[in-house]
Each structure stands twice: as C-alpha cells, then as structure tokens.
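A.B. asks: What the sequence shown shows, in our numbering, is residues 78 to 192, in sequence order. Built from N, CA and C at the ideal position, the CB exists for glycine as well. Note that the structure is predicted; figures quoted are calculated from it, not measured.
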Amino acid sequence: QVQLVESGGGLVQAGGSLRLSCTASGRFVSAGAMGWYRQVPEKERELVATITGGGITNYGDSVKGRFTISRDKAQKSVYLKMDSLKSEDTAVYYCWWRVASWDYWGQGTQVTVSS
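(1) Considering Cα atoms alone, identify which of THR100, PHE105, TYR114 and SER98 is closest to TRP179.
(2) Between the C-alpha atoms of ILE146 and CYS172, what's the straight-line distance to the nearest angstrom?
(3) Could you tell me which of LYS120, ARG115 and ASP166 sits nearest to GLY93, measuring between CA atoms?
(4) On a Cα-Cα basis, can you pick out the residue from VAL155, ARG96, THR134 and GLY131 that is closest to LEU162?
(5) Determine the extent of the beta strand (DSSP E) in which SER94 is found, giving its start and end residues.
(6) Let me confirm a value: VAL117 is counted as buried when at least 16 other C-beta atoms fall within 10 Å, else exposed. Which label applies?
(7) Can you tell which of ALA126, GLY131, TRP174 and PHE144 has the C-alpha that lies nearest to the C-alpha of LYS150?
(8) GLU83 by DSSP, collapsed to three states: which one?
(9) I believe SER84 touches SER107 by the beta-carbon criterion, under 8 Å. Please report the beta-carbon distance rounded to the nearest angstrom.
(10) Quick check: what's the CA-CA separation for GLN187 versus LEU88?
(11) Label THR127 either buried or exposed according to how many other C-beta atoms from any shown protein chain fall within 10 Å of its C-beta, with 16 as the threshold for buried.
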C-alpha cells in the first residue's frame, strides 16, 4: 500500500509560478513511474507530467516548456514546478504513483490561476 500526500496548491495570478510536492509513504521499494494529472469538472483527468524511475520525463502538450517535473534521489517525492501559469491551468492536480503495476493517487490539490 502506498499513501500519497500532496502540497503546494493555491491561488496565483496569471504569469506566476507554483511548486507542487508529493511525498509517498508505505511499504514499497521503488516506483516504476510517478507524476501529475489534473482534472476540471465534467472533463476527464489529463496528463500533466510523468517521470520514470530512470528519469525519463513526459509532458502534456499544453504544459510543455512551462512545467518541470522532478523527483528526489530516494524517489520518495515528486515535484512539479509550474511557471507562466495561465487561467486554463486551473484544476485539481493529482499526484500519481505506479508501483508494481498498481496505480495510486493522491487526494488532489487545487490550483487556481486568476487572470
């Protein structure tokens, strides 16, 4: 079992920056991949960014060049640096972890970008 705790969401003006953090706890050795998804009401959850245990990153088209995903050396925490935020980035952001073919999700953190 893996527990994920997110932090760092909030309200920011358009053009500003935020940094999200997600820390995993529980009995596991390492994650195959981790990352962030986001969701707005009445829409499907969409990919923001992922990073594998080997450090390969993948970004959603709408955030490429503005967001940066990273993780700590112990691979127990993943971060999302969000720059040049736009109003359309407003969403609930979910931390995601894949461990041995199982998907785990955080509770979500709200990011609101005011124009």
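C.D. replies: Concretely, from the data shown:
(1) PHE105
(2) 11 Å
(3) ASP166
(4) ARG96
(5) Premise fails: SER94 is in no beta strand (DSSP E) and is neither H nor E.
(6) exposed
(7) GLY131
(8) strand
(9) SER84 to SER107, Cβ: 22 Å. No contact.
(10) 8 Å
(11) buried
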